Amino acid sequence: MAQGRSNQAICRQLVLTKKTVESHVRSILLKLRLPQEADDHRRVLAVLTFLAPWTERSYRDGLPVEETP
């Protein structure tokens, strides 16, 4: 997900069934407490939530942080 892959692409790369990937994605979204809402893209929010600690640490340590457009 963090690489922007679709469920189908994840299935092919990891040699998993569609049902298995969907189950794991659903589990990740639930653990991150990202409710399904019409205005939000939960996969993007999940990646941002995952990356947040590294961005904060880089900021604290004075390392350059790449900004997204």
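Heads up: the sequence shown begins at 67 in my numbering, then just goes up one per residue.
Even for Gly, the Cβ is constructed at its ideal location relative to N, Cα and C.
These numbers come from a predicted model, not from an experiment.
Taking all protein chains shown into account, V81 has fewer than 16 neighbouring C-beta atoms within 10 Å of its C-beta and is therefore exposed.
Taken in chain order, the complete alpha helix (DSSP H) segments of 4 residues or longer contained in the region 72-131 are 73-80, 84-97 and 108-127.
Around the CB of V110, fewer than 16 other CB atoms lie within 10 Å, so the residue is classed as exposed.
One thing to note: I94 has its Cβ within 9 Å of the Cβ of A112.
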